[in-house]
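Quick notes on the structure that follows.
Residue numbers (this note's numbering): 1 to 91.
As structure tokens, this is what we get:
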């Protein structure tokens, strides 16, 4: 595992282009630190977009799990897909 890169905000102001290049080339976040605390991260945009997509997928998975749990608790059965399509005029 790679050691996290932390740079002070003051230093980041002076080295912004290099920080961006480092994040893009190494595909590791560069953390900006103020008073010893991480306050922001510079990420490659492809890595960022992948993280967002994964977070959205996980949100969908959790929502589906909650819906299945609710159906089990209430005894409701799912509506067959063919019925849904017919109701929407798609069948």
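Glycine is no exception: its CB is placed at the ideal position from the N, C-alpha and C atoms.
At the C-beta level, residue 46 and residue 6 stay beyond 9 Å of one another. For residue 79, there is no enclosing alpha helix (DSSP H), since its DSSP letter is neither H nor E. For the beta strand (DSSP E) assignment, the uninterrupted runs of no fewer than 3 residues enclosed by the region 20 to 85 are, from N- to C-terminal side, 30 to 34 and 37 to 42. Between residue 31 and residue 4, the beta carbon gap of about 6 Å places them in contact (Cβ cut-off 8 Å). Cβ-Cβ separation between residue 42 and residue 23: approximately 5 Å, consistent with a contact (criterion under 8 Å). Rounded to the nearest whole angstrom, the C-alpha separation of residue 61 and residue 67 is 10 Å. For residue 9, the enclosing alpha helix (DSSP H) covers residues 9 to 14. Taking all protein chains in view, the Cβ of residue 80 is surrounded by fewer than 16 other Cβ atoms within 10 Å, so the residue is classified as exposed.
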